[in-house]
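Student: This is the structure I have questions about; it appears just below.
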Amino acid sequence: MRLSFRILVLALLAAAMTGPFARAETPEEWTKLGARVHGGFGAFIPVGILIGEDAMRRLKAQPRELSVLYYSGEGVPCACSVDGVMLAVSASPGQGSVQVAGEKSPPGTFAVVIIRPRKGGDGVKYTVPMSVMPKLGEINKTIQDPLARYNAVVALGDFFTAEPVK
């Protein structure tokens, strides 16, 4: 009986690791991929990765099934976080599944990201408050190792809100 239970638990864990909610990359892989695609790995990249991973879970999506509309905040030096979102959901400007809006996100926001299924349907709107920018700046100033930067951003906890959009 105990052996059967252990086998069941292992089978469930294996299914979870390979199913649609499995993490696409390890933190080490994210930092290497982000640095390769973006040209470096600052603290803004994992902001996008975490948003993209959350969207994949919430929308029960597979890679390449989502589209991204990214609004950068006024005073944010770059829209680097969109590269993280793009990597996490496997979207690209060349496929038309990633757009960086010409207009800025609302005052007081670091970014607003709207992620929807490419085939239509409800999506999720992510809002990152501007209050996170000094923390990200401090991470970039004081931590040089990309993996340590990734982990420091993860350690910030819930730094964005998510709400459904029609």
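Mapping to numbering that gives the first Met the number 0: the sequence shown position 75 is 74, numbers consecutive.
We put the beta carbon where it would ideally sit given N, CA and C, even for glycine.
Only a predicted model underlies this, so the values are computations on that prediction, with no experimental measurement involved.
Over what stretch of residues does the alpha helix (DSSP H) that includes A87 continue unbroken?
Tutor: Counting along the chain, the alpha helix (DSSP H) containing A87 begins and ends at S80 to V88.
Student: With DSSP run on the structure shown, which of helix, strand or coil describes R117?
Tutor: The answer is coil: DSSP assigns R117 none of H, G, I, E or B.
Student: Looking at C-alpha atoms only, which residue of V127, H37, A154 and S66 is the closest neighbour of V88?
Tutor: If we check each option's Cα against that of V88, S66 comes out closest.
Student: Using three-state DSSP, classify Q98 as helix, strand or coil.
Tutor: Strand at Q98.
Student: Quick one: measure Cβ to Cβ for A60 and P26, integer angstroms, because I've assumed they're closer than 8 angstroms.
Tutor: Actually they do not touch by this definition, with Cβ atoms about 21 angstroms apart.
Student: Just to confirm before moving on: does the CB-CB distance between P45 and V127 stay below 7 angstroms?
Tutor: Going by C-beta atoms, P45 is not nearer than 7 angstroms to V127.
Student: If I measure Cβ to Cβ from E64 and keep anything under 7 angstroms in the same chain, skipping five residues before and after, which residues do I get?
Tutor: Cβ within range, chain order: P116 and R117.
Student: What are the partner residues of P163, as DSSP defines its beta bridges?
Tutor: P163 is bridged to V123.
Student: Would you kindly report the start and end of the unbroken alpha helix (DSSP H) that includes L49?
Tutor: First-last of the alpha helix (DSSP H) with L49: F43 to R57.
Student: If we call anything under 7 angstroms between Cβ atoms a contact, is L132 one with F109?
Tutor: Sequence check: residue 132 is Met here, not Leu. Going by C-beta atoms, M132 is nearer than 7 angstroms to F109.
Student: Near A42, which residues of its chain fall below 6 angstroms by C-beta distance, leaving aside the five closest residues on each side in sequence?
Tutor: So the list reads L135, I138, N139, R148 and V152, once near-sequence residues are dropped.
Student: For a quick check, are the C-beta atoms of R57 and V164 less than 7 angstroms apart?
Tutor: Contact: no.
Student: Taking all protein chains shown into account, decide if G83 is buried (16 or more other Cβ within 10 angstroms of its Cβ) or exposed.
Tutor: The residue is buried, with at least 16 neighbouring Cβ atoms inside 10 Å.
Student: Give the secondary structure of R1 by DSSP, where H, G and I count as helix, E and B as strand, and everything else as coil.
Tutor: Note on R1: pLDDT 44, under 50, position unreliable in the model; no value is reported.
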